[in-house]
Amino acid sequence: MTVFKKSLLAGSLLLATLGTAQADGCGIEKGTVSILANDFPALHAVVSGAEACGGGGVEFSKNHNKDHKDIMVAALTSDPSEYTSVVVANSTLVTLMNDGLVRPMDDLVEKHGGSLAKNQLITVDGKVMAVAFMANAQHLFYRSDILEEAGVEVPETYDDVLAAAKAIKDKGLMDYPYIGTFKSGWNLGEEFVNMFMGTGADMFKPGAAELDINNDNGVKTLEMLKSLTEYMNPDYLTFDSNAVQAEWEAGNAALTNLWGSRAGAVLDDEGSTAEVVAGTAFASAPKLGDTPATTLWWDGFSIAANTSDEDAEATFIAMMNGITTEMANANPDEAVWLIEGYTPGEKAIGVAATAQAGAKPYPMLPYIGALHTAAGAEIVEFLQGSEDAATALADMEAAYNAAAKEAGFLK
Amino acid sequence: MPHRAFFWFILPSALAMLLFIALPIASVILQSVHIEHPKVMTEVETCGPFNCTTELRVDTEATAELRKAQPLGKFIGLETYLNRNHLAFDVLKVQWQERDGFFSFVRGLYNLPFYKALTFTVAYTFIVTPLVILLGFCIAVAVNAIPKILRGSVIFVSLLPMIVTPLIGSLVLFWMVDANGVLGSAIQRLFDDPNLSLKASPFLTWIMLFVYGVWHSAPFAFVVFYAGLQTVPQDTLESAMIDGASRWERIRYVVLPHLAPLVTFVALIQLMDNFRVFEPIVGFNASASATSLSWIIFNDLFGQQQLFGSAAATSMLTILGVCILLMPVLVRTWRQYKVVQ
Amino acid sequence: MENTVQTKQSPLLRLILGAFVIIWIILAAFPFLWTLWGSFKVEADFFSKVDWSFALSGDRTIAETGSAFTGAGYYGAWVQEEFWRAAINTLIVTFFVVIISLTLGTLGGYALSRSSFRYTFWILIAALVFRAMPHMTLVSGYLLPFFEMNVWGILPTTIVVLVAINQPFTLWMLHSFFLNIPKDLDESAMVDGCTRFQAFRHVIIPVMWPGVITTGLFSFLLAYNDFAITSMLLSQDNQTMVPKIGSFLGTTQVQGNVMFAVAAVVSATAPLFILVLLFQRQIVSGLTAGAVKG
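As they're listed, the protein sequences go chains A, B and C. Note that the first sequence covers residues 1472 to 1882 in our numbering. Note that the second sequence covers residues 10 to 350 in our numbering. Note that the third sequence covers residues 370 to 663 in our numbering.
Below, the structure written as C-alpha cells:
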C-alpha cells in the first residue's frame, strides 16, 4: 500500500501510464517491485529496464541512493521489507547474508532465468543468492606516450611500476608519475586488500575469523605501498577516485591502478586534453608475486527475504527484463557487463585482462568488513612515516580483533 | 506559573524531544552495554562469476535462534567502553609500565584511535570557539558602524559562509587550498616554498580545519552579537558620556556587560557544536591527519562492518565530554537561576 | 532610533571599522563568488588541476564548448536531473520546520521563562544534554522503527524529526528572549481577567517578533542545510536540495556530475539572496528591535 502511496506522492503517474503500455512484454500480472540501488548510470539503465514492467497490476518503485548500503539492512529487516530487491556487490551481499536478509532464488532461476549464464549465478552452499550482471576491478591505467618517452615497457609487476616511475621522474617528465586511490578510510583499506591479494596468501587463518597478516606477507604489502608513495603527490592520503581521475585527466600522472568503471570517463571528450586521451591505455593490474594485486568485483541483484513469493517472482522477472543483452549493447561503455551476447569494447580490456591474469575476487567473508575498516585507518601512520610496518600491522590486528569481537566473529 | 498551565505550554515541545531524542538515547545506552551474539559459522562452497572457493559463512538460522532468546545481544557491561577502540585502559596500563619517557607514552596514546580523535576534537573546540566569538564580535561592532542602507546586504554576505552547504563549501575550499589551487599557490608564493602542501602535513591540515571552522561559524556569533548591540541601553551610554567616560570605558563598562549573557549563549552553543566537529573532516578528506569523535561514530555506523555498540559507546562518551565542557557554564546558570528565584 | 555611539565616532575609527567590514566581506564572499564564476565553466576548469588561472580564463571551457562560459551545469541540474523537484521539497520542509519549531518553541520557551519552579532549570539542562547527542547516532536509530511503521522516505517524517532535533536550541533561544520581556506585561493582563493563554496571545505575541525572527532564521538555516538527516530519511523522489546535490558528486566507482552540483548550489543561494533583499527591513529591524538575550 505504501509503495502505491509513495509513487503517487512522487507524481509518477506519467511513468505508470507509460508502463502500462509495455507491461505485456514482461508477463507479470500483479505484485510489488521495489528496488534499492546505488546511483550511477549503469544501474539506472538496468533499473529502468525493470521499470518497464511496472503498471497494470504491478506496483513499481525504485530508489537510487549513493548511501544505499547505510539503509539497506534496516529497510530489509522490517517485515514486509521496504524493498523487494537490492542491487548488491560482493561486499554488500555479505552484509545482507550475515543477517539472513536475502532469499535463495533457485526456484526463480529455474523458472524464469533461462537466459542466464552459469557464471552469473552467485551460489552459496549450492543456493543461488544473487544474479551478477556486471564486473569491475582496479587495473593499470598508463600513459603509453610517457612510458615510451622514458624508454620503459608496460609494467607487469609492481617492481616494474617502481622502475618505470623512477625512469619517468629521472628523465624529468613528471614529478609524481604514480597516483592511486590512497585516501585514508575505505579507499586505503581497498589498496591494502588489493596489494595483499598480490602475495597470493590468505588474509585469515584457515577456517577461522583470525587475521593472518602480521607476517612477511603483511610487511611486503606495506613496504610496496610505501615505496609507491615516494612517486606520488604528497597529498596522496586525500586522493579518492574522483581526485585521481581529475589528476589523470590533467596529465599529472602516468601510472595508476584505478577502477575499470572509470575508463569510459577518462577516455570521453570531457575534462581532458587530446594528448592525455590518446596516450591513455589499459592493462591488467600489476602483480606483486604471481597474482595480480587487485580484487575482482561484481554487481548483481538479490531478492529480499521478507517478501512474499508473489512479489519475489514479480521482482525477479522485472530484473531479468532489466539485464537483457539489448540493454548491455545499448550501454556498452557504462560497465563491463557479464551478460551473454555482450561484446566488450576497448574500455573493458583492463578488467578482462585482469580477470584472465588470475586475479581473485574480493573475498565474500562475513568478517572482511572489519579488516577493511581496520586497514584503512591503521596503516596511515606507517605511510606518514611515524611508525614501522610491524607496529602498523599489530595496530591493525588489535583494531580488527576489537571490532570482530563486538560483531560476534571472535570470542 | 502554576504547574498545570506550565504542563500544557511545554507539552508539545517536551513530547517531541522525549520521543525523538530521549527515547533514542535510552536505547543507545542499552546498545552500548551489549555486543552481538557469537556468530555460528560453517564452511560452505561459494561460487561467483570468477571462481569457486570454500569459505566461512554465517549460519543465519542458528544465529537467529540465539538472537531470539536475547534480542539485545550479549550483555557485557562496560567492556565496549574499555576496549582497545575506545578508552583502552588495559593498553594504556601496559604502555605506562613500559614507557620510555613521557613523550613515548604520549605517542603511544596518540596511536590509539579514541585518543587520537579526542586530541583533535579538544584542540578544535578550544581553538575555534574563542576565535569565533572574537571574530563575530568584531564583525558585529564594525557592521554596526556602517551606514544603515548598506547593512542588509552586508548581513546577507556575512551569512554566506553559513548558508552555502558545507558539502560544496568545503569542496570548493578544498580545491582552492590544493597545491595547484588559487589559495594554495598564493600561500606557496607567500612562503616561497614550491613544495608546500596544506593537505600533506598533519599540522597544516589542522590549521586548515581550524580556519575553516572559524570562517564557517563566525556568522552565527555575528548575528547574535549584532542583535545584542542594538539593545544596548542608550540612556546608560549617554550618562556615561556625560560623566566623561572614554570610548573604551563605555565599551568596557556598558557594552560588554550588556553582551555578557550573549557571550555565554554563543559559547555554550559553539562549544557543543565544535565538540561534535565532523563535516569539515569529511569535506577536506582530512581523516588521515585529523579524526574526531563524531567521525569515529560515523565510521562505526556506516563503515563496511557496522558496529552499533561501538558507535553507541562513543556517542555516550561524546555526551559525557560535552557535559564536562559545559560544567562551568551550567554552574553559572544555576547560580543565576537561584538568584532570580 | 539612532545610535548615539555611532554618530560620535571619530573618522579614523570609522575608517578602521569600514576597512574591517570590507576585509570580512571579501573573506565571506570570495569562495562564493568564485563558485558563481566557476559554475559557468566545465569541470576541468572549475578544478583546474593544471593551472589555477584556467579557472579564470576558461581555457578548457573554450576547448570543450567553444565559448568561455557555458550553462551546461544549470541545464543538467535543472532540466536533466529535475532539480526543481528537490527545490519544491526543500520549500515544503523548511516552511513547516520553521513554523512548527517556532510554535512549539514559543509556547515552551514562554512557559520556561514564566515558571519559577526548580524543574524548569532541569528541563533546560536536559535540553542541552539532548542537543549534545550526535545526529548520526539518532538517525541510525530511527531507521528500523520508521521502516517498520512504514513512514520512512516521506516528507512529514523528516519534518517532525528536524523539528524535534532543533527543539533544544529553539527552546533555549526563545526562553532567553522571553526572560527579556517584563513579567508585568502579561501578569497585569491576567489581573485584568485574561487567562494565561489569552495573556500570551494578546500581550506577548505582539511584542515577541524580533526574537522569533532571529530564532526562525536559525531554524530555517538548519532545515535548509541539513544533510545527515535528510540524506538518510528521504527516498529519492522526496529528496531535498542538499542530499540531491550530494548525489551529483559521484561514487567511488563512477564519476559524478560535479558541475551540476556547483550550479545547483549557486541556484540554491539565489532565492535566499532575493528573500533577504525583500525582507531586508524586517530582518534588520527584527534584529534591531530587541532580539536575543542570554
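We put the CB at the ideal spot given by N, CA and C, even for glycine. For clarity, every value in this text was computed on a predicted model and none was experimentally measured.
Beta-carbon proximity of residue i to residue j, cut-off 8 Å
i         : j         : result
B/Thr63   : B/Glu52   : yes
C/Glu412  : C/Val627  : yes
C/Val631  : C/Gly407  : yes
A/Met1835 : A/Ile1850 : no
A/Val1632 : A/Gly1771 : no
A/Leu1798 : A/Ala1516 : It is Met, not Leu, that sits at residue 1798 of chain A in the sequence shown. A contact, by the Cβ cut-off of 8 Å.
B/Asn94   : A/Ala1873 : yes
A/Leu1699 : A/Phe1853 : no
B/Lys208  : A/Thr1709 : yes
A/Leu1611 : A/Pro1757 : yes
B/Pro175  : B/Trp224  : no
Given residue i as reference, the closest of the options once Cα atoms are compared
i         : options                                       : result
A/Trp1808 : A/Asn1607, A/Thr1670, A/Asn1658 and A/Val1558 : A/Asn1607
C/Gly522  : A/Ile1542, A/Ser1615 and A/Ala1783            : A/Ile1542
B/Phe59   : A/Gln1855, A/Leu1767 and A/Met1790            : A/Leu1767
A/Glu1781 : A/Lys1676, A/Gly1502 and A/Ala1841            : A/Gly1502
B/Leu238  : B/Asn153, B/Glu288 and B/Asn189               : B/Asn153
C/Trp425  : C/Gly435, C/Thr404 and C/Gly440               : Reading off the sequence shown, one finds Leu at residue 425 of chain C, where the question assumed Trp. Cα-wise, what sits closest to C/Leu425 is C/Thr404.
A/Ser1779 : A/Arg1574, A/Thr1709 and A/Lys1598            : A/Arg1574
B/Val331  : B/Ser298, B/Asp309, B/Phe311 and B/Gln279     : B/Gln279
B/Pro17   : C/Ser436, C/Thr475, C/Ala437 and C/Gly625     : The identity of residue 17 of chain B in the sequence shown is Trp, whereas the question assumes Pro. Looking at the Cα atoms, C/Thr475 is the closest of the given residues.
A/Gly1793 : A/Phe1853, A/Gln1855, A/Ser1586 and A/Gly1735 : A/Ser1586
C/Glu324  : A/Leu1547, A/Tyr1613 and A/Thr1765            : Outside the displayed range of chain C (370 to 663) lies residue 324 of chain C, so it cannot be described from this structure.
C/Leu602  : C/Gly585, C/Leu548, C/Val462 and C/Val645     : C/Val462
A/Gly1527 : A/Pro1512, A/Glu1500, A/Lys1540 and A/Met1674 : A/Glu1500
B/Ala73   : B/Leu65, B/Lys48 and B/Ile85                  : B/Lys48
Rounded C-alpha distance that separates residue i from residue j
i         : j         : result
C/Gln622  : A/Gly1731 : 8 Å
C/Tyr511  : C/Phe499  : 15 Å
A/Thr1555 : A/Ile1774 : 6 Å
B/Thr342  : C/Ile385  : 36 Å
C/Leu513  : A/Val1544 : 9 Å
C/Pro575  : C/Pro525  : 30 Å
C/Asp561  : C/Leu554  : 11 Å
C/Val390  : C/Ser604  : 43 Å
B/Val348  : C/Phe486  : 13 Å
A/Asp1740 : A/Gly1750 : 14 Å
C/Thr373  : C/Ala455  : For C/Thr373, the predicted model reports a pLDDT of 43, less than 50, meaning its position is unreliable; a value from the coordinates is still stated below. Roughly 47 Å separates the two Cα atoms.
A/Thr1862 : A/Ala1672 : 21 Å
A/His1535 : A/Asp1550 : 21 Å
B/Leu180  : B/Phe114  : 37 Å
C/Pro612  : C/Ser600  : 5 Å
B/Leu193  : B/Pro211  : Sequence inspection shows Gly at residue 193 of chain B; the Leu mentioned does not correspond to that position. If I take the Cα positions, the gap works out to 16 Å.
C/Val572  : B/Val275  : 29 Å
B/Gln4    : A/Thr1566 : In the structure displayed, chain B extends from 10 to 350; residue 4 of chain B sits before or after that span and is not available.
B/Met26   : C/Ile534  : 7 Å
C/Leu382  : B/Ile216  : 31 Å
C/Val645  : B/Val166  : 10 Å
A/Gly1669 : A/Glu1661 : 13 Å
B/Trp173  : C/Leu641  : Per the sequence presented here, residue 173 of chain B reads as Val, with Trp not at that position. Cα-Cα distance, rounded: 10 Å.
A/Ser1755 : A/Ala1725 : 15 Å
Pick out the complete alpha helix (DSSP H) segments inside the region 1618 to 1702 of chain A, 4 residues or longer, and give them in chain order. 1629 to 1641, 1657 to 1669 and 1687 to 1700
Interface residues of the region 1582 to 1598 of chain A facing chain B [CB-CB below 8 Å]: Asn1590, Gln1591, Leu1592, Ile1593, Thr1594, Val1595, Asp1596 and Gly1597
What residues in the region 1765 to 1783 of chain A bring their beta carbon closer than 8 Å to a beta carbon of chain B? Leu1767 and Trp1769
Return the chain-ordered ranges of every alpha helix (DSSP H) run that is complete within the region 1544 to 1579 of chain A and spans a minimum of 4 residues. Scanning the region 1544 to 1579 of chain A for uninterrupted alpha helix (DSSP H) segments of 4 residues or longer gives 1561 to 1569, listed from N- to C-terminal end.
Which of the residues in the region 168 to 184 of chain B, read from start to end, lie with their CB under 7 Å from any CB of chain A? none
Name, going along the chain, the residues of the region 1528 to 1540 of chain A whose beta-carbon falls closer than 9 Å to a beta-carbon of chain C. Ser1532, Lys1533, Asn1534, His1535, Asn1536, Lys1537 and Asp1538
Chain A contacts made by the region 597 to 618 of chain C, where a contact means CB separation under 8 Å: Ser600, Met601, Ser604, Gln605, Asp606, Asn607, Gly615, Ser616 and Leu618
Which ranges would you report for the beta strand (DSSP E) in the region 1714 to 1772 of chain A if only whole runs of at least 3 residues count? 1726 to 1730 and 1751 to 1754
Length at least 4, wholly inside the region 168 to 250 of chain B: the alpha helix (DSSP H) runs in chain order: 175 to 185, 191 to 200 and 211 to 238
Between the region 1699 to 1711 of chain A and chain B, which residues of the former have CB atoms less than 9 Å from a CB of the latter, in chain order? Those would be Asn1704, Pro1705, Asp1706, Tyr1707, Leu1708, Thr1709, Phe1710 and Asp1711, in chain order.
Can you list, in chain order, the stretches of the alpha helix (DSSP H) that have 4 or more residues and sit fully within the region 541 to 624 of chain C? Taking only runs of at least 4 residues, the alpha helix (DSSP H) segments lying wholly in the region 541 to 624 of chain C are 552 to 560, 565 to 568, 578 to 594, 597 to 602 and 610 to 616.
Which residues, in order along the region 619 to 636 of chain C, keep a beta-carbon less than 9 Å from a beta-carbon of chain A? Taking 9 Å as the Cβ-Cβ cut-off against chain A, the residues of the region 619 to 636 of chain C that qualify are Gly619, Thr620, Thr621, Gln622, Val623, Gln624, Gly625 and Val627.
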